[in-house]
Amino acid sequence: MGSILIIEDDNEIRNMLKIMVQRAGFSVQTARNGLEGVKTFRRAPSDVVITDIVMPEKEGLETILELRENYPEVKIIAISGGGRHDAKNYLQSAKDFGADYIFHKPFSQKEIITAIKDLLKD
Amino acid sequence: MNIFHKIKKYVRSSLISSGSEMRIHAFTLSFIGESKEFETPFLKDYFNKSLTQVRFSLLLAIFFFGIFAVLDAFLASELRTTFWMIRLIVVIPGIALLILSYNPGFEKYWQVAIPALIFFAGLGIVYMTIISSEGIVSYTYYTGLILIFIFAYALMRVRFIWATLACWSIVISYEIAAIWITDTPSVYIISNNSFFIAANVIGMFVSYSIESYLRRDFFLARMLEEERIKVVKAKDELEKRVEERTSQLVQTNKELLQEIETREKVEKEQARLEAQLYQAQKMETIGTLAGGIAHDFNNILTPILGYAEMALDETITNSRIKGDLEQIYKAANRAKDLVQQILTFSKQHDQDIKPIEFHTILNEVLSLLRASFPSTIKIRQKDTLAKGVILADPTQIHQVIMNICINAFQSMEESGGVLEIGLEKIHLDHDNAIPDTTLTKGNYLKLTIRDTGMGMDKKTRERIFEPFFTKRKIGEGTGLGLSVVHGIVTGCNGSLTVESAPRRGTIFTVYFPEYEKKISKSKSPNGKLTKGKEHILFVDDDKEITTMANQMLTRLGYIVTTLTNSVKAYDIFEKQPEKYDLVITDQVMPNLLGSQLATKIRKIKPGIKIIIITGYSDSINAEKIKELGFNGFIIKPLILRDLCITIRNVIENK
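For the record, the sequence lines run as chains X and V.
Be aware that the first sequence starts at 39, since it is given in our numbering, and climbs by one per residue.
Be aware that the second sequence starts at 138, since it is given in our numbering, and climbs by one per residue.
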């Protein structure tokens, strides 16, 4: 089974995602923002990174960009509930910058787990 | 001073007060000098006023001259035939004159004819005294001359000058006859002459005073008439002026009223525009607020849905807990839909904008409505639906028509009614042609949806487009339907109006600009990021930001030079200004502010595009940036997507 890094500033969503992923049988690391996420990843790379987009310190798109530059193999799932623009805009950008899957908040457990499994299949 | 001068002075003095002086000849009494113009009218007037008296006097004279024939028979019986002949010679012309006085030509010669008659009458008497050289006639008949003098001076209305001339001629004739033809004793001559002279002088005085007074009266009457004319003229003029002034006042008043009316109209229009602006601002504020809340809601709903889902997985089928969790999951999903609606209203929803045939969607909705509306509500189509293309998201247009129709349905739900739908093409030849809208000139599709339901009052009508405003009971509706309509319509650059009154039904009119195939590429931030080849100088004192920007912009194909020091950035630019197409700089930097750097760079290369990155609290704002002539700005926190879009817009001059 693979390891997942969850980068999300919202505590509840981060914890929920953690539980969802753990229950599905994956090992989990969490980070509260992009900066922390990239540091964690550097220290112990995960197979899949789930990242929010609008975050303090280092926003999601930036994070995706940096991870893609340095770790081309990493699988990325972007999630967003929107910000100054609608979530779909951010998610589209995330996809442009190399996210493998994008999900609009609120998302369902099933779609996230299915996506992770799909990414780890390769 | 002779008597004439005294009289003249008296007459003149009495006239000085009238403001104009009467001038008459002292002897002839004719008007002279300034008064000369009065002579002819005076004579005419004098004749008219005298005629009756002249006739009467002539009659009297003829009578007396004839009746004394009786005296002749007694006092001069032997000469009576001669005397009678003489009397006849005088009386016949007298009668002739009396008759002639009825002839219009009499006026011309009466002042000659009458004195002549008087003179002949006098001569007749003189002759009588001569031929009866002795006795009573010779010594007494001269008194007849006194009577003639009375007639001449006082009764016959002969003018002073002619009367004087006639009477003195008689006296002279008498002198000649008395001295040379007869040998009248000198005592008689002296005595008679004394009477004659006295009678003549008295007569002259009488005549003079009568004529001068008549002339003065005439003059005064004339002056009065002149004054009266002047007064009448002045009155007329005054009336005319008053009339003119009145009409001026009426006109001014009319203009004033018009002005007031115009001002009232303008004020009303202003108030309407203010209300419209206020409404638009309110909607925008609510929209922004709703948008912000919606995003927070998404975050809140995520764990609710997520945990509910996970809990459901863990729960045994058919347990009570599972049912409860399903309710939570369902409710959370409804909340998710609601958020989607709020996002639509606040125009932050992703749209699939494309040219669509409006009538096709309208027909789809109509068939859907026909299937779902109860039979108490009839759906009628007004004329043929116009065919036209608009640029919009078909799902949203569907939503617009549906929401308005649902609103109509709800107002007719209890009592039934008719729903009438019309679609026509219209052309607006000037901006703001339709009140309560901000439509610019052009072609539009006009959708009208009319119901015969309960309608609404003004207060409700003003608020129906506000989100969460509903007249239904809590739980029956979200109150978002019409606000969503409003959001979609304005998002399509359209406009909508509503006419309604309680129990009179409601008419919604929606205008969509007709698509004419000239719309530029969608500016929607949706879609892939546009790539570019331009050379960008990116300045920010935060190393992380410059690194990130470098990575991303390079990935998009741009050539990027990043710097963390604004002073250094200027030096580099100065060396090769032609190399760069765009400068992106942070505003708050040590030593040299972004705007200062930009201004200095502009001095080297005036046309270069500049984008400023600012924080919310920075002293520089959008307006200031525009004022300084920079091309764009991005507000922190820096979202890469915003940056990419702004770069493209600035480079392509959008």
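Just so you know, even glycine gets a beta-carbon here, dropped at the ideal spot from N, CA and C.
Quantities reported herein were computed from a predicted structural model and do not represent experimental measurements.
One Cα belongs to leucine 414 of chain V, the other to glutamate 95 of chain X, and the distance between them is close to 39 Å.
For isoleucine 745 of chain V, the secondary structure class from DSSP, reduced to helix, strand or coil, is coil. Residue contact with chain X for histidine 432 of chain V: present (Cβ-Cβ distance below 9 Å to some residue of chain X). If the five residues before and after threonine 301 of chain V are omitted, its C-beta is found closer than 6 Å to the C-beta atoms of Met341, all from its own chain and listed in chain order. Distances from the CA of asparagine 702 of chain V to each of V/Gln724, V/Arg352, V/Thr691 and V/Tyr279 were compared; the closest alpha carbon is that of V/Gln724. Threonine 751 of chain V and valine 676 of chain V do not touch by the CB rule: their CB atoms are close to 13 Å apart, not below 8 Å. Cβ contact annotation for glycine 75 of chain X (same chain, cutoff 8 Å, sequence separation greater than five): Leu43, Ile45, Ala69, Val87, Thr89, Lys96 and Thr101, in chain order. Our two residues, phenylalanine 211 of chain V and tyrosine 246 of chain V, have alpha carbons roughly 38 Å apart in a direct line. At least one beta carbon of chain V lies nearer than 9 Å to the beta carbon of phenylalanine 135 of chain X. Straight through space, the alpha carbons of glutamate 561 of chain V and glycine 592 of chain V are spaced by roughly 24 Å. Burial check for asparagine 240 of chain V: the Cβ neighbour count within 10 Å stays below 16, so the residue is exposed. Proximity to phenylalanine 135 of chain X across X/Lys159, X/Gly120, X/Pro110 and X/Leu157 peaks at X/Pro110, based on C-alpha coordinates.
Nearest to glycine 119 of chain X by C-alpha distance, out of V/Lys742, V/Asn435 and V/Arg359, is V/Asn435. In this structure methionine 222 of chain V is exposed. Its beta-carbon is surrounded by fewer than 16 other beta-carbon atoms within 10 angstroms. Burial check for histidine 567 of chain V: the Cβ neighbour count within 10 Å stays below 16, so the residue is exposed. Residues of the stretch 98-121 of chain X with a C-beta atom less than 8 Å from some C-beta of chain V are Leu99, Glu100, Leu103, Glu104, Glu107, Gly119, Gly120 and Gly121, listed in chain order. Following the DSSP letters along the chain, one finds isoleucine 255 of chain V inside the alpha helix (DSSP H) bounded by residues 243-268. Bounds of the beta strand (DSSP E) holding valine 526 of chain V are 526-529. Around the CB of arginine 640 of chain V, fewer than 16 other CB atoms lie within 10 Å, so the residue is classed as exposed. By the Cβ-count criterion, methionine 39 of chain X is exposed, with fewer than 16 other Cβ atoms from all chains shown falling within 10 Å of its own Cβ.
Taking 8 Å as the upper bound for CB-CB distance, leucine 438 of chain V and lysine 473 of chain V are in contact here, some 6 Å apart.
Look at the stretch 292-316 of chain V and you find these whole runs of alpha helix (DSSP H), each 4 residues long or longer: 297-313.
The beta strand (DSSP E) runs of length 3 or more contained entirely in the stretch 546-634 of chain V are, from start to end of the chain, 554-565 and 579-588. Between phenylalanine 356 of chain V and leucine 166 of chain V a beta carbon distance of about 12 Å is seen, past the 8 Å cut, so the two are scored as non-contacting. Distance from phenylalanine 767 of chain V to isoleucine 745 of chain V at the Cβ level is roughly 10 Å; contact not present, criterion being Cβ atoms closer than 8 Å. In chain order, Ile498, Glu501 and Val502 place their CB closer than 8 Å to the CB of histidine 535 of chain V, counting only its own chain and leaving out the 5 sequence neighbours on each side. Of the candidates V/Val308, V/Leu208, V/Glu348 and V/Thr321, V/Val308 places its Cα closest to the Cα of serine 331 of chain V. Shown here, histidine 672 of chain V sits in a strand according to DSSP, grouped into three states. Nearest to glutamine 190 of chain V by C-alpha distance, out of V/Ile199, V/Leu284 and V/Met293, is V/Met293. Nearest CB-CB separation between alanine 69 of chain X and chain V: not below the 9 Å threshold.
If you draw a straight line from the Cα of glycine 203 of chain V to the Cα of arginine 217 of chain V, it is about 12 Å long. One alpha carbon belongs to alanine 250 of chain V, the other to arginine 378 of chain V, and they sit about 54 Å apart. Of the residues assessed, threonine 152 of chain X falls on the exposed side of the cut-off, its CB having fewer than 16 other CB atoms within 10 angstroms. Cα atoms of glutamate 463 of chain V and isoleucine 453 of chain V: separation of roughly 12 Å, rounded to the nearest angstrom.
Between isoleucine 782 of chain V and lysine 668 of chain V, the alpha-carbon positions lie close to 10 Å from each other.
Scanning V/Lys372, V/Phe286 and V/Thr698 for the CA closest to the CA of isoleucine 255 of chain V turns up V/Phe286.
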